[in-house]
Each structure stands twice: as structure tokens, then as C-alpha cells.
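Here is the structure we will look at, set down as C-alpha cells.
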Amino acid sequence: MADTLKSALLDTAKRPAVIADLGALVDAEVAAKGGISGAVIKTGYAAVKKVKPGFIAHAIDSLLPRFVAALEPLWAEHRSAGGGDFGAFLAARPDRSADALLSVTDARAKASGKENLKKGYDKLRPSAKKNVIEALPRLGKVIDKYAAN
């Protein structure tokens, strides 16, 4: 098991595969959304992918170091507790895990000079925590894939 998430996920040899797997995770999470809010998310996501191909991978790549830093304390706690399924570990701490991840996007949106981006983020933010919590088991599986060795 990797000592740090930084060494497991930001290694230059692994990083492209990590980004691809995280992109697939986002695709799967969006596809799993149902109801009216799910339709809105799916429509917006499809539009972003059509208008700006490669945007999702670029966003993941640019935010990955900050996400890793935000999750590092949880990873250390997970390791000291004996390891195992990191997704289950995160899901057992849903508020703390989601808040750690959302602190990254909150800071990014706050620092943006683009008012349209800030307004759009502010509209989505109230439901973001629920969506992040739902994604924690899958996120843990992706992290385990790279950190287990």
C-alpha cells in the first residue's frame, strides 16, 4: 500500500491512467443519475463534453494535485487503521470526505475571475455534496487500484 496518495496518484508514469479512470468514474456517476435533477446533470455534462472535448480530463488533471492533498489526511488515517477498502472508509465518513473534496472546487470557484462560472457553481453547489457522497465508493476503488501496489 502506498505511503501517500501523492506517490500513488501523481506519479508521472501513472497519472494519465489515473486521469482516464477518474474521467470514467465521472462518466459513470453522471450516467447513474436519475430523475429531473439527473436529467439536468446529464444534459449539462453532455453539452460540456460536446462543446469542449477534453475539458473533463483537463479539469481532472489540473485539480488532481489539490484533490490528492485534500484526501491525504484521510488516506493516512485509513492506513493507520489497517487499510482495506478505501471507498468504504470514505463512505463511512461521508461529510468529512465530501467536504475535503469540495473544499478544492469551492476554492477554485471562489478564485475564478469568471462571474458566469461562479454563478453556475453556486447554483450546483447545494446538491454537489450529495453527489460527491454517492461517488465515494467508486472513488475509493479508483484510488485503491493505484495505491494498493
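Numbering-wise (my numbering), the sequence shown opens with residue 4 and increments by one.
Just so it is clear, CB atoms sit at the ideal spot from N, CA and C, and this is done for glycine as well.
Just so it is clear, the structure is predicted and the values come from calculations on it, not from any experiment.
Measure the Cβ-Cβ separation of Leu12 and Leu67 and say whether it is below 8 Å. For this step, residue 12 is matched to residue 9 along the sequence shown. For this step, residue 67 is matched to residue 64 along the sequence shown. Yes.
Which residue comes first and which comes last in the alpha helix (DSSP H) that contains Pro129? As a working note, residue 129 is residue 126 in the sequence shown. Taken as a continuous stretch (DSSP letters only), the alpha helix (DSSP H) holding Pro129 covers 118-150.
Please look up how many angstroms separate the CB atoms of Leu74 and Leu8, rounded, as I've assumed it's under 8 Å. What you label residue 74 is simply residue 71 of the sequence shown in a count that begins at 1. What you label residue 8 is simply residue 5 of the sequence shown in a count that begins at 1. Indeed, because the Cβ distance is near 6 Å, the residues count as touching under 8 Å.
Whole-angstrom distance between Ala42 and Tyr48, CA atom to CA atom: Within the sequence shown, numbered from 1, the residue matching residue 48 stands at position 45. Within the sequence shown, numbered from 1, the residue matching residue 42 stands at position 39. The straight-line gap from Cα to Cα measures roughly 10 Å.
Please say whether Ala131 and Lys121 have beta carbons closer to each other than 8 Å? Walking along the sequence shown from the start, residue 121 turns up at place 118. Walking along the sequence shown from the start, residue 131 turns up at place 128. Taking 8 Å as the Cβ cut-off, Lys121 and Ala131 do not qualify as a contacting pair.
Identify whether Ala84 lies in helix, strand or coil by the three-state DSSP scheme. Residue mapping note: residue 84 aligns to position 81 of the sequence shown, counting from 1. Correct three-state label for Ala84: coil.
Which residue comes first and which comes last in the alpha helix (DSSP H) that contains Asp102? For the purposes of this step, residue 102 is taken as residue 99 along the sequence shown, with counting starting at 1. Run containing Asp102: 97-114, per the alpha helix (DSSP H) assignment.
If you follow the alpha helix (DSSP H) that Thr46 is in, where does it begin and where does it stop? As a position in the sequence shown, residue 46 is number 43, starting the count at 1. For Thr46, the enclosing alpha helix (DSSP H) stretches over residues 38-54.
Can you tell me the Cα-Cα spacing of Ala50 and Gly85, whole angstroms? Here residue 50 refers to the residue found at position 47 of the sequence shown. Here residue 85 refers to the residue found at position 82 of the sequence shown. Linking Ala50 to Gly85 through their CA atoms gives a straight-line distance of about 43 Å.
In or out: Arg141 buried (at least 16 other Cβ within 10 Å) or exposed? In the sequence shown, the residue the question calls residue 141 occupies position 138. Under this definition Arg141 is a buried residue.
Would you call the CB atoms of Phe89 and Asp147 closer than 8 Å? The residue given as residue 89 occupies position 86 in the sequence shown. The residue given as residue 147 occupies position 144 in the sequence shown. Yes, they are a contact pair.
If you reduce the DSSP assignment to three classes, tell me which class Ala31 lands in. In the sequence shown, residue 31 corresponds to position 28, counting from 1. Looking at Ala31 - three-state DSSP - the assignment turns out to be helix.
Relative to the C-alpha of Glu137, which residue among Val54, Val21, Ala35 is closest? Counting from 1 along the sequence shown, the entry for residue 137 is found at position 134. Cα-wise, what sits closest to Glu137 is Ala35.
Would Ser100 be called buried (16 or more neighbouring beta carbons within 10 Å of its own) or exposed? As a working note, residue 100 is residue 97 in the sequence shown. Its Cβ being crowded by 16 or more others within 10 Å, Ser100 is buried.
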